[in-house]
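Q:
Listed below in structure tokens is the structure:
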């Protein structure tokens, strides 16, 4: 199989979707510029024409609403937000309209369509960009009934999840991460989909389950490598989809290992990691040897300076440390409960 | 001449249907039978009737919280309207939305929503789809004067002009946004010029004159269909009832300025009826009785229907969002 970068895989998904389905179009800011989207949309306008690859005025709200309206009229739009921070200007069409529409107007038997809208948002942090160019806001959207959320971590998933999102009755929020754009991996040249809602086990292990989201799934794999040299056998799950998320696969793994570290590049309070930890507690409490650990951003806005950035963003070291701490507790938790 | 009179009779029928249906809803609000918030359109019927008469069934109309009139004028089912305000499973949105969430996609009402101006950009997107597919369908956004205070309406006007979208923007200026008179929200009374900066031409018409509304809408629709882009039409009108609920001339607890006395004699329906009588149409009473019968039948149908049940609701939400 060929190797593509994450950004090339996103571009290939777009190109195949545009080639295969006349209903697909891409709209948003920066589509005709390599600066906004990296190589993830490179030259699509030349290949498919600027009527279907539309670079827009600076109007996040109305452009997102237009994409929704076009979806309701039968097209398959991908609306692009090159920085997630700016997408907050489009909260009404996303939250009030798209997420509620199927429920409100999708009465069964009336022959009414879904909301086949894909919203693509990019997390684009680091590089001293500061508090309003760095935010990973996926947990806010994971909260909403009626909106699906995916966050691919590998080139193959970047392609397969985008193709699945466009095929889905939707709406789907697809969040990619600029830090992953240069990652490379095997990607089938054929069009293919990765099922929404299914996590991937990236590494099997028996001592602890490391659950990673997006960039942090990659960091979990690095942490597993560090732990291996210390004799700790970690299982790594790449969540891939945040809403719905693969509760069964995660619960089955943690039931086996008895320990879980949830690694998320978002904030801690009411974050994605909090939801996952709570669900693990509800599902497999009796199997837990230790409390579920979380590795997240601290509850502060993103800093700008490079030294502060280094302290702010956790990675493999913090994940490995959290896993070690769980192992150091031994099996005391289980023994205490058994004695009680 | 004969066909012009027949056309006017059809508009009168549409407007009478809206008036009688809403008067009935107002009664049901007062007795407590209808409990969801209802924003009544009484006094503004000429706008919906005039605009929708310029459209085909395939053309779409995108409304807001005050859309009973838009829904009926476009051909939405009367029983579906009463079912929805009573939150019955037979309602036009399956009893999931109530008065503010009406839908009849089969006749070009994809869905109405109460977030002010919430459907304006959606209408633009539908127009974008029609244009991309090479269809000659038109999307019409109907909104109140308060909607022009929302930023994304201006974004939408710019986008529609830039892409020459087949979009018509109808501002129903009833002078009040909720309880605030326009003069408490703006310096100048010039809403029809709101699109100038975006290269969207604007026009002001008497919104209580169905012929004037229709003529302006027809010109705008023709312009949209021929690829020349959007038009903004400000229809001057007045709602007789409060912002929400059945009471006359009282807005969410705030007394208005007594303009109702000026506007009642400009009743769009009375004006049209007088015109028809002058033209020798003698059977309005009989026609009105037939409309009353339709309303009564629809109310009885809705009353007899089952309430929307929680079971399918939960299942659907789970299917949408969970595993």
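Protein chains in written order, with the working numbering: chain A, 622 to 961; chain B, 11 to 333.
Using N, Cα and C, we set each Cβ at its ideal position, and we do this for glycine too.
Model, not experiment: these values are computed from the prediction.
Per the DSSP calculation, residue 864 of chain A is bridged to which residue(s)?
A: According to DSSP, which records beta bridges pairwise, residue 864 of chain A is partnered with A:770.
Q: Entirely within the stretch 687-720 of chain A and at least 4 residues each: give me those alpha helix (DSSP H) ranges in chain order.
A: You should have 705-708.
Q: Quick one: what does DSSP say residue 300 of chain B is sitting in, helix, strand or coil?
A: Here residue 300 of chain B sits in helix by DSSP.
Q: Can you check whether the C-beta of residue 713 of chain A is within less than 8 Å of a C-beta belonging to chain B?
A: Yes, contact with chain B.
Q: Could you spell out where the alpha helix (DSSP H) holding residue 949 of chain A opens and where it closes?
A: It spans 937-949 - the alpha helix (DSSP H) in which residue 949 of chain A sits, taken as one unbroken run.
Q: Is residue 622 of chain A buried or exposed, if buried means 16 or more other CB atoms sit within 10 Å of its CB?
A: So residue 622 of chain A counts as exposed.
Q: With a threshold of 8 Å between beta-carbons, can residue 653 of chain A be considered close to chain B, or not?
A: No, its Cβ sits nowhere closer than 8 Å to a Cβ of chain B.
Q: For residue 637 of chain A, count neighbouring Cβ atoms within 10 angstroms of its own Cβ and tell me buried if that reaches 16, exposed if not.
A: So residue 637 of chain A counts as buried.
Q: Show which residues of chain A have a CB atom less than 8 Å away from the CB atom of residue 169 of chain B.
A: Per Cβ cutoff of 8 Å: 677, 678, 680, 683, 684 and 687.
Q: Going straight from the alpha carbon of residue 674 of chain A to that of residue 714 of chain A, what length do you get?
A: Cα to Cα, the separation comes out at about 21 Å.
Q: Reducing DSSP to helix, strand and coil, say where residue 191 of chain B ends up.
A: Strand, per DSSP.
Q: Which runs of the beta strand (DSSP E) at least 3 residues long sit entirely within the stretch 96-178 of chain B? Give them in chain order.
A: You should have 149-154.
Q: Please decide whether residue 646 of chain A counts as near chain B, where near means a Cβ-Cβ distance under 8 Å.
A: For residue 646 of chain A, the answer is yes, since a Cβ of chain B falls inside 8 Å of its Cβ.
Q: Excluding the 5 residues flanking residue 157 of chain B on each side, which residues of the same chain have their C-beta closer than 8 Å to its C-beta?
A: Correct list, in chain order: 74, 126, 127, 130, 163 and 181.
Q: Against chain A, does residue 234 of chain B count as a neighbour if the rule is that its beta carbon must be under 8 Å from one of theirs?
A: Taking Cβ atoms only, chain A never reaches closer than 8 Å to residue 234 of chain B, which makes this a no.
Q: Is it true that the CB of residue 739 of chain A sits closer than 8 Å to the CB of residue 799 of chain A?
A: No, the pair does not count as a contact, with Cβ atoms beyond the cut-off.
Q: Is the beta carbon of residue 775 of chain A less than 8 Å from the beta carbon of residue 826 of chain A?
A: No, the Cβ-Cβ distance between residue 775 of chain A and residue 826 of chain A is not below 8 Å.
Q: Specify, as a first and last residue, the run of the alpha helix (DSSP H) that residue 666 of chain A falls within.
A: It spans 665-669 - the alpha helix (DSSP H) in which residue 666 of chain A sits, taken as one unbroken run.
Q: Tell me, please, whether the CB atom of residue 301 of chain B is closer than 8 Å to any CB atom in chain A?
A: No, because no Cβ of chain A sits closer than 8 Å to the Cβ of residue 301 of chain B.
Q: Given a threshold of 16 other Cβ atoms within 10 Å of its Cβ, counted over all protein chains shown, does residue 207 of chain B qualify as buried or as exposed?
A: Label assigned to residue 207 of chain B: exposed.
Q: In chain order, which alpha helix (DSSP H) runs of at least 4 residues are fully inside the stretch 844-906 of chain A?
A: Counting only runs of 4 or more, we get 868-878 and 893-905.
Q: Compare the C-beta of residue 717 of chain A against all C-beta atoms of chain B and say whether one is closer than 8 Å.
A: Yes, its Cβ sits closer than 8 Å to a Cβ of chain B.
Q: For residue 278 of chain B, count neighbouring C-beta atoms within 10 Å of its own C-beta (all shown protein chains included) and say buried if the count is 16 or more, exposed if not.
A: It is buried - the Cβ of residue 278 of chain B has at least 16 other Cβ atoms within 10 Å.
Q: Compute the distance between the beta-carbons of residue 645 of chain A and residue 701 of chain A, then report whether it is under 8 Å.
A: No. Outside cutoff.
Q: Can you check DSSP and say which residues form a bridge with residue 71 of chain B?
A: Looking at the DSSP assignment, residue 71 of chain B forms a beta bridge with B:150.
Q: Tell me which residues share the same chain as residue 707 of chain A and place their Cβ nearer than 6 Å to its Cβ, disregarding the 5 neighbours each side in the sequence.
A: Closer than 6 Å at the Cβ level, and outside the excluded window around residue 707 of chain A, lie 681.
Q: Compute the Euclidean distance between the alpha carbons of residue 91 of chain B and residue 48 of chain B, then round it to the nearest angstrom.
A: Cα to Cα, residue 91 of chain B sits roughly 12 Å from residue 48 of chain B.
Q: Where are the alpha helix (DSSP H) runs, 4 residues long or more, that stay fully inside the stretch 253-312 of chain B, in chain order?
A: Complete alpha helix (DSSP H) runs here, min 4: 270-273 and 278-288.
Q: Can you name the residues of chain B whose CB is closer than 9 Å to the CB of residue 725 of chain A?
A: In chain order: 103, 104, 106, 107, 111, 113, 121 and 123.
Q: How far does the alpha helix (DSSP H) with residue 928 of chain A in it reach, from first residue to last?
A: From DSSP, the alpha helix (DSSP H) with residue 928 of chain A extends over 927-933.
Q: Using a 10 Å radius around the Cβ and a threshold of 16 neighbouring Cβ atoms, would you call residue 848 of chain A buried or exposed?
A: Per the 10 Å Cβ criterion, buried.
Q: With DSSP collapsed to three states, give me the class of residue 833 of chain A.
A: Looking at residue 833 of chain A - three-state DSSP - the assignment turns out to be strand.
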